[in-house]
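*Asks:*
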Amino acid sequence: MATVMQRIVKPKTQAAKRGLEVRAPKLEENDKVAMFIKGGHTSETITQVLKELYLLKKPNAITFKRKNIMRPFDDQSSIEFFSQKNDSSLFLFGSHSKKRPNNLVLGRLYDHHVLDMVELGVTHFRSMQDFPTEKIAMGTKPCLVFEGEAFEQDHKHRRLKNMLIDFFRGVKANNVRLQGLEHVLQFTALDGKVMVRSYKVLLKKSGSRTPRVELSEIGPALDLEVRRTRLASDDLYKKACKKPKKGKPKKVKNVKTDVFGAKMGRVHMERQDFSKLQTRKMKGLKRQAPSDKENAKKAKTESSEPSAQET
Amino acid sequence: MATVEDVLESVNRSQASKYKTIEVQKDVEPQLDLGNLLTVDQNPLELKKFRADKEAYLKSQARDNTQLLFNAIWKLPTERVEEAICVKLPETTTVLPREKPIPKVKPPTRWEQYAQLKGIQKRKKGRMVWDEEIKEWRPRWGYKRANDETKDWVIEVPGNADPNEDQFEKRMKAKKERVAKNELQRLRNIARATRSKVPGVGLTPTEKPSKEEVGLALHLAKKSTASLGKFTEKLPKEKEAKHVGKKRKFEPAIGDFKKEKEQQLNIIDVMENKKPKLDITKAVNRVISQQEQEPSDERRKRGVKVKNRRGPPRKKGSGGFGKKGKAGKGKGAKGMGGKGKGKMGKGKGKSR
Chain A
1 MATVMQRIVK PKTQAAKRGL EVRAPKLEEN DKVAMFIKGG HTSETITQVL KELYLLKKPN
61 AITFKRKNIM RPFDDQSSIE FFSQKNDSSL FLFGSHSKKR PNNLVLGRLY DHHVLDMVEL
121 GVTHFRSMQD FPTEKIAMGT KPCLVFEGEA FEQDHKHRRL KNMLIDFFRG VKANNVRLQG
181 LEHVLQFTAL DGKVMVRSYK VLLKKSGSRT PRVELSEIGP ALDLEVRRTR LASDDLYKKA
241 CKKPKKGKPK KVKNVKTDVF GAKMGRVHME RQDFSKLQTR KMKGLKRQAP SDKENAKKAK
301 TESSEPSAQE T
Chain B
1 MATVEDVLES VNRSQASKYK TIEVQKDVEP QLDLGNLLTV DQNPLELKKF RADKEAYLKS
61 QARDNTQLLF NAIWKLPTER VEEAICVKLP ETTTVLPREK PIPKVKPPTR WEQYAQLKGI
121 QKRKKGRMVW DEEIKEWRPR WGYKRANDET KDWVIEVPGN ADPNEDQFEK RMKAKKERVA
181 KNELQRLRNI ARATRSKVPG VGLTPTEKPS KEEVGLALHL AKKSTASLGK FTEKLPKEKE
241 AKHVGKKRKF EPAIGDFKKE KEQQLNIIDV MENKKPKLDI TKAVNRVISQ QEQEPSDERR
301 KRGVKVKNRR GPPRKKGSGG FGKKGKAGKG KGAKGMGGKG KGKMGKGKGK SR
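As you go down the protein sequences, you meet chains A and B in turn. Heads up: the first sequence at position 105 corresponds to 105 in full-length UniProt numbering, and the numbers run straight through without jumps. Heads up: the second sequence at position 147 corresponds to 147 in full-length UniProt numbering, and the numbers run straight through without jumps.
#1: For B/ARG123, which three-state DSSP category applies?
#2: According to DSSP, what are the bridge partners of B/ALA84?
#3: Determine, using beta-carbon pairs with one atom in the stretch 62-70 of chain A and one in the stretch 27-38 of chain A, whether at least three such pairs fall under 8 Å.
#4: Check A/ASN254 in the structure and name its three-state DSSP category.
#5: Closer than 9 Å, CB to CB, is A/GLY207 near chain B or not?
#6: Can you tell me whether DSSP reads A/GLY19 as helix, strand or coil?
#7: Provide the residue(s) that pair with A/ASN175 in DSSP beta bridges, ordered along the chain.
#8: Please list, in chain order, all residues of the same chain as A/ALA150 whose beta carbon is under 7 Å from its beta carbon, the five residues on each side excluded.
#9: Could you please tell me which residues of the stretch 141-153 of chain A, in chain order, have their CB closer than 8 Å to any CB of chain B?
#10: From what residue to what residue does the alpha helix (DSSP H) around B/ASN229 run?
#11: List the residues of chain B whose Cβ lies closer than 7 Å to the Cβ of A/PRO132, in chain order.
#12: Between B/SER289 and chain A, is the shortest Cβ-Cβ distance under 9 Å, so that the two count as touching?
#13: Determine which residues of the stretch 220-245 of chain B have a Cβ less than 7 Å from any Cβ of chain A, and write them out in chain order.
#14: Tell me which residues share the same chain as A/LYS161 and place their Cβ nearer than 6 Å to its Cβ, disregarding the 5 neighbours each side in the sequence.
#15: With distances taken Cα to Cα, identify the nearest neighbour of A/ARG177 among B/LEU8, B/LYS144, B/LEU37 and B/ILE22.
#16: So is A/ALA240 in contact with chain B if we call contact Cβ pairs under 9 Å?
#17: Measure the beta-carbon distance from A/PRO142 to A/GLY170 and round it to whole angstroms, keeping in mind my assumption that it falls under 8 Å.
#18: For B/TYR114, decide whether its Cβ has a neighbour in chain A, counting only Cβ atoms nearer than 9 Å.
#19: Taking A/MET195 as the query, report the chain B residues whose CB atoms sit under 7 Å from its CB, ordered along the chain.
#20: Figure out for me which residue from A/LYS172, A/SER198, A/VAL194 and A/ALA173 has the closest Cα to the Cα of A/GLU182.
#21: For A/ARG159, collect the residues of the same chain with a Cβ closer than 7 Å to its Cβ; drop the 5 residues on either side in sequence, then sort them by chain order.
#22: So which of B/VAL154, B/ILE254 and B/ILE267 has the shortest CA-CA distance to B/LYS275?
#23: Look at the alpha carbon of A/LYS283 and the alpha carbon of A/GLN272, and state the distance between them as a whole number of angstroms.
#24: Alpha carbon to alpha carbon, how far is A/ALA24 from B/LEU216? Give it in angstroms, no decimals.
#25: Could you spell out the range, first to last residue, of the alpha helix (DSSP H) harbouring A/ASN86?
#26: For the stretch 77-92 of chain A, which residues have a beta carbon sitting closer than 7 Å to at least one beta carbon of chain E?
#27: What are the boundary residues of the alpha helix (DSSP H) that B/GLY215 is part of?
#28: Output the distance between the C-alpha atoms of A/SER233 and B/SER289, rounded to the nearest integer angstrom.
#29: In the structure shown, what three-state DSSP assignment does A/GLY121 receive?
#30: Among the residues of its own chain, which have a CB less than 6 Å from the CB of B/CYS86, if the five just before and after it don't count?
#31: Output needed in chain order: residues of the stretch 19-36 of chain A with a Cβ under 8 Å from some Cβ in chain B.
#32: Select from B/LYS151, B/THR225, B/ALA193 and B/GLU55 the residue whose C-alpha is nearest the C-alpha of B/GLU133.
#33: Since B/LEU89 and B/LEU34 are thought to touch, with beta carbons under 8 Å apart, how far apart are those beta carbons, to the nearest angstrom?
#34: Any residues in the stretch 78-109 of chain B with a beta carbon nearer than 9 Å to a beta carbon of chain A? Which ones, in chain order?
#35: Answer with yes or no whether the minimum CB distance from A/GLU305 to chain B is below 9 Å.
#36: For A/LYS32, does the count of other Cβ atoms within 10 angstroms reach 16, so buried, or fall short, so exposed?
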């Protein structure tokens with residue numbers, strides 16, 4: 001990677017170099033990793049919420065084992081430090097205080113600086129354990145459903161929607177197994193609250209190719225109220241959303257698709273040597289080519305000479 | 001023909017009645033982003049139904065929207081990958097911010113520029129090389145490399161060489177110098193790429209230095225003192241080194257008034273003519289985004305400084321440093337204190 005070798009101090013080991021390459025900015029970025037951070041004081045609800053959301057996010061998530069006394073809205077420096085150390089750009093911070101009971105701070109970073117932060121109060125929570133149903137496999141890419149006019153009209157909610165998509169969209173995938181679509185996350189903005197529900201998908205027969213969808217709730221279920229926000233200015237946000245220019249796709253030579261959708265390829269052959277062509281074997285035709293005969297003779301004499309030298 | 005159609009329709013109907021429908025009616029078609037498996041439903045929600053039975057209403061909404069999403073997904077082209085039916089998802093349409101800025105293209109090195117100018121193409125070299133002595137294929141470089149001259153146990157002393165010179169040491173030294181030169185070139189390329197000052201090569205050791213090189217070496221040696229050569233004694237009959245270092249020239253304090261006037265007027269002219277264009281919106285945006293990024297940076301820096309400052313005041317007792325540190329801390333404490341007071345006030349009110 002060019003950017004790694006542009007460092008003044010070169011990495012000393014191959015492992016260190018590889019590590020830096022993983023972290024280096026890329027055209028096609030890695031999946032965003034989320035940090036789950038417990039604040040100085042957390043209630044049972046918040047601890048459980050963090051734990052269960054961590055499970056939902058798991059392959060791309062880091063959970064912090066210890067308490068971290070910080071206030072993201074007053075001082076972002078420790079969040080940014082953690083982001084740098086863990087190479088992660090999403091965070092969910094949970095705390096509990098008298099002034100802000102059951103508090104979650106959902107945020108994301110751009111270039112290791114805080115871009116957006118939204119404070120969400122958990123007003124209602126039902127754990128996964130409260131739903132005695134079969135759960136989904138870990139790391140399943142969820143289907144996201146957003147409902148409610150607020151997500152379209154209100155600026156704060158629009159940004160929150162974008163953050164939630166960013167946070168929960170799972171691993172980037174080109175190919176998806178149809179049977180693997182088994183998780184739905186629903187976000188509803190209604191009545192001044194944002195309701196998060198999580199369902200398992202059950203595919204039923206419908207008489208056609210497309211199945212009939214039935215859902216069973218698996219939890220966690222959260223009711224959230226939006227408290228403080230710290231959103232990026234439009235200028236910074238635009239800068240962060242900038243898309244790299246894509247280079248021209250490599251021209252595929254000699255392959256065409258015809259009108260019927262069949263793939264046609266042109267193959268360039270070298271001129272065939274007919275003298276080496278194997279025809280039907282017959283006893284009568286069995287004879288060595290003159291050049292072959294000479295070679296055979298040479299080989300014989302050569303093999304005999306070294307032995308003579310040895311003796 | 002009509003009979004066949006009738007039969008088919010009746011079959012369809014009977015099948016449809018057996019299973020629940022997959023069709024969903026919505027006033028406004030929800031926006032789908034299949035790349036992210038995302039549905040955004042803008043239809044107004046019914047508050048009455050919601051208040052009557054919250055969970056059931058949410059579930060039915062989720063089901064309908066998921067059904068719509070699945071209907072669209074099942075229409076995508078499928079392919080078989082290891083016994084599983086997979087769907088190829090299209091590109092995502094939702095714009096999400098990046099994690100890190102777009103990497104800049106690495107500017108070409110000095111050599112790459114030269115090679116391009118001359119049309120020199122890169123050749124792929126094989127990793128393994130045939131070692132004639134060991135009769136074995138070995139890596140071109142690194143551990144146990146082929147044709148490793150540093151592993152020679154004997155070296156012929158060249159005819160014209162000093163017999164007391166250590167040929168092994170000479171070889172090692174030459175190698176080290178080549179490595180150092182390469183490193184220097186690498187750093188210069190980086191410096192050029194980042195538009196920082198390119199370090200000069202300085203004096204390279206040469207076997208037979210020219211007169212100019214000796215002069216330069218002398219000049220540098222004389223200047224390499226703590227006082228930049230101010231007190232270095234001159235040799236008798238020593239001449240000033242030529243073409244090394246620039247001397248600033250000043251105009252006389254009193255003298256040519258005409259020239260002085262001209263110069264001052266010139267400055268005013270330049271100031272008037274070259275007014276930079278100020279795009280206010282752009283400038284404001286830049287300031288805002290800078291401010292957003294700055295406070296956290298500053299805070300971090302300040303935090304480090306405060307830590308460092310803790311040491312000296314204790315030793316010195318009270319000094320300029322201590323005062324500064326306190327002032328810095330005081331600011332932070334003020335902000336926090338204000339909030340703290342508010343909290344306390346609330347607490348008191350409740351207890352009463």
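The beta carbon of each residue, even a glycine, is placed where N, CA and C say it ideally should be. None of the values given here were measured: they were computed from a predicted structure.
*Replies:* Looking at the atomic coordinates:
#1: Within the second sequence, numbered from 1, the residue matching residue 123 of chain B stands at position 123. DSSP places B/ARG123 in coil when its eight states are reduced to three.
#2: The residue you call residue 84 of chain B lines up with position 84 of the second sequence. B/VAL81.
#3: yes
#4: Reading the first sequence from its first residue, position 254 is the one you call residue 254 of chain A. Correct three-state label for A/ASN254: coil.
#5: Your numbering for residue 207 of chain A matches position 207 in the first sequence. Yes, its Cβ sits closer than 9 Å to a Cβ of chain B.
#6: One-based indexing of the first sequence puts residue 19 of chain A at position 19. If DSSP states are grouped into helix, strand and coil, A/GLY19 belongs with the helices.
#7: Against the first sequence, residue 175 of chain A aligns to sequence position 175. Answer is B/LYS88, bridged to A/ASN175.
#8: Translated into positions along the first sequence, residue 150 of chain A becomes position 150. Closer than 7 Å at Cβ, skipping near neighbours: HIS157 and ALA189.
#9: LYS141, PRO142, CYS143, LEU144, VAL145, PHE146, GLU147, GLY148, GLU149, PHE151 and GLU152
#10: The residue you call residue 229 of chain B lines up with position 229 of the second sequence. First, the amino acid is wrong: residue 229 of chain B is Gly here, not Asn. Segment: none, B/GLY229 is in no alpha helix (DSSP H) and carries neither H nor E.
#11: Here residue 132 of chain A is taken as the residue at index 132 of the first sequence, counted from 1. Near A/PRO132 there are no residues of chain B at all, since even the closest Cβ is about 15 Å away, more than 7 Å.
#12: In the second sequence, the residue the question calls residue 289 of chain B occupies position 289. True, the Cβ-Cβ gap to chain A drops below 9 Å.
#13: none
#14: Taking the first sequence and counting its residues from 1, one reaches residue 161 of chain A at position 161. Once the five neighbours on either side are set aside, the close Cβ partners of A/LYS161 are PHE146 and PHE151.
#15: Position 177 of the first sequence, counting from 1, holds the residue named residue 177 of chain A. That would be B/LEU37, whose Cα lies nearest to the Cα of A/ARG177.
#16: As a first step, residue 240 of chain A is located in the first sequence; it is residue number 240 there, counting from the start. It does; some Cβ of chain B falls within 9 Å.
#17: As a working note, residue 142 of chain A is residue 142 in the first sequence. As a working note, residue 170 of chain A is residue 170 in the first sequence. Going by Cβ atoms, the distance from A/PRO142 to A/GLY170 rounds to 6 Å, so yes, they are a contact pair.
#18: To locate residue 114 of chain B, count along the second sequence from 1; it is residue 114. Output row for B/TYR114: interface = no.
#19: Position 195 of the first sequence holds residue 195 of chain A. Within 7 Å Cβ-Cβ: LEU58.
#20: Within the first sequence, numbered from 1, the residue matching residue 182 of chain A stands at position 182. Comparing Cα-Cα distances from A/GLU182 to each of A/LYS172, A/SER198, A/VAL194 and A/ALA173, the minimum goes to A/SER198.
#21: For the purposes of this step, residue 159 of chain A is taken as the residue at position 159 of the first sequence. Here the set comprises ASP116 and LEU231.
#22: Residue 275 of chain B sits at position 275 when you count from the first residue of the second sequence. When each option's Cα is compared against that of B/LYS275, the closest is B/ILE267.
#23: Numbered from 1 along the first sequence, position 283 holds the residue referred to as residue 283 of chain A. Numbered from 1 along the first sequence, position 272 holds the residue referred to as residue 272 of chain A. Going by the C-alpha atoms only, they are around 25 Å apart.
#24: Taking the second sequence and counting its residues from 1, the one referred to as residue 216 of chain B is at position 216. Taking the first sequence and counting its residues from 1, the one referred to as residue 24 of chain A is at position 24. When rounded, the distance between both Cα atoms is 44 Å.
#25: As a working mapping, residue 86 of chain A is identified with position 86 in the first sequence. A/ASN86 -> alpha helix (DSSP H) spans 77-86.
#26: The displayed structure is made up of protein chains A and B, and chain E is not among them.
#27: For the purposes of this step, residue 215 of chain B is taken as the residue at position 215 of the second sequence. Start and end: 211-223.
#28: Numbered from 1 along the first sequence, position 233 holds the residue referred to as residue 233 of chain A. Numbered from 1 along the second sequence, position 289 holds the residue referred to as residue 289 of chain B. Distance between the alpha carbons of A/SER233 and B/SER289 is about 7 Å.
#29: Translated into the one-based positions of the first sequence, residue 121 of chain A becomes position 121. The answer is strand: DSSP assigns A/GLY121 an E or B state.
#30: In the second sequence, the residue the question calls residue 86 of chain B occupies position 86. Excluding positions up to five away in sequence, the list reads GLU79.
#31: Here the close residues are ALA24, PRO25, LYS26, LEU27, GLU29, ASN30 and LYS32.
#32: Indexing the second sequence from 1 puts residue 133 of chain B at position 133. Taking only the C-alpha atoms, the option nearest B/GLU133 is B/LYS151.
#33: For the purposes of this step, residue 89 of chain B is taken as the residue at position 89 of the second sequence. For the purposes of this step, residue 34 of chain B is taken as the residue at position 34 of the second sequence. Confirmed, Cβ separation roughly 6 Å.
#34: THR78, GLU79, VAL81, ALA84, ILE85, CYS86, VAL87, LYS88, LEU89, THR92, THR94, VAL95, LEU96, PRO97, ARG98, GLU99, LYS100, PRO101, ILE102, PRO103, LYS104, VAL105 and LYS106
#35: Within the first sequence, residue 305 of chain A is the residue found at index 305, counting from 1. Because the pLDDT of A/GLU305 is 48, which lies under 50, any placement of that residue in the model is unreliable, and the number read from its coordinates should be weighed accordingly. False, the Cβ-Cβ gap to chain B never drops below 9 Å.
#36: One-based indexing of the first sequence puts residue 32 of chain A at position 32. That one is buried.
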